[in-house]
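Enquirer: Numbering (the working numbering), first residue to last: 28 to 157.
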Amino acid sequence: MTGNTPVVTQCKVIEDSDAFPSSSRQWTRAEKCRLEFTEDALHFKTTVIRYEDIEDAKLHIYQSALLFEYGVFSLTSGGKTIYFGIKYDTLWKDELPFPVERIHVETPFLQIRKAVLFVMVLYVIWELIK
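(1) How long is the line joining the alpha carbons of V35 and V151, rounded to whole angstroms?
(2) By the DSSP assignment, the alpha helix (DSSP H) with R52 in it spans what residues?
(3) For V143 and K157, what's the separation of their Cα atoms in angstroms?
(4) If you draw a straight line from the C-alpha of D43 to the C-alpha of I109, how long is it?
(5) With a threshold of 6 Å on Cβ separation, who are the neighbours of H131 within its own chain once the five nearest residues in sequence on each side are excluded?
(6) What is the DSSP secondary structure of K157, counted as helix, strand or coil?
(7) For E108, which three-state DSSP category applies?
(8) What whole-angstrom Cβ distance do R77 and A84 have, given they're in contact under 8 Å?
(9) Roughly how many angstroms separate the alpha carbons of F100 and G112, rounded to a whole number?
(10) How many Å lie between Y115 and K39 at the Cα?
(11) Compare the beta carbon distance of A57 and I81 with 7 Å and say whether it is the shorter of the two.
(12) Look at C60 and F47 and say whether their C-beta atoms are less than 7 Å apart.
(13) Starting from the C-beta of L94, find all residues in its chain whose C-beta is less than 6 Å away, skip the five residues before and the five after it, and write them out in chain order.
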């Protein structure tokens, strides 16, 4: 991320969780927002966090059964932690304007999920051919 052009991405945000949001229920209730990276700050909803005020930033990266990656970006500033549900794309793979720890997380039952998806696709193809 270089230059003066802000970079914007869509995400979901959880601002009021005391612990890492791991359940689907928490994410279905999360609020959609735009996350904007400017030259010196991160903007979302009506909040602005200057990069120098970021105390800790972690990016937990998961792989789905459909072979795309997604992530949970946690940001601590002013003693408060905010969680963002993101699509892990080139924006997040590139260098960010602040230090971030990238953690690749083993997705539970990923191989079983892939196998079930594969069998379902084979079944649909079989039914179409018959």
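All C-beta atoms in this analysis are idealised placements derived from N, C-alpha and C, irrespective of residue type, glycine included.
Expert: From the atom records:
(1) 38 Å
(2) S51 to T55
(3) 21 Å
(4) 7 Å
(5) I88
(6) coil
(7) The displayed chain sequence assigns Thr, not Glu, to residue 108. Correct three-state label for T108: strand.
(8) Between A84 and R77 the Cβ distance is about 13 Å, and since that is not below 8 Å, they are no contact.
(9) 6 Å
(10) 13 Å
(11) no
(12) no
(13) none
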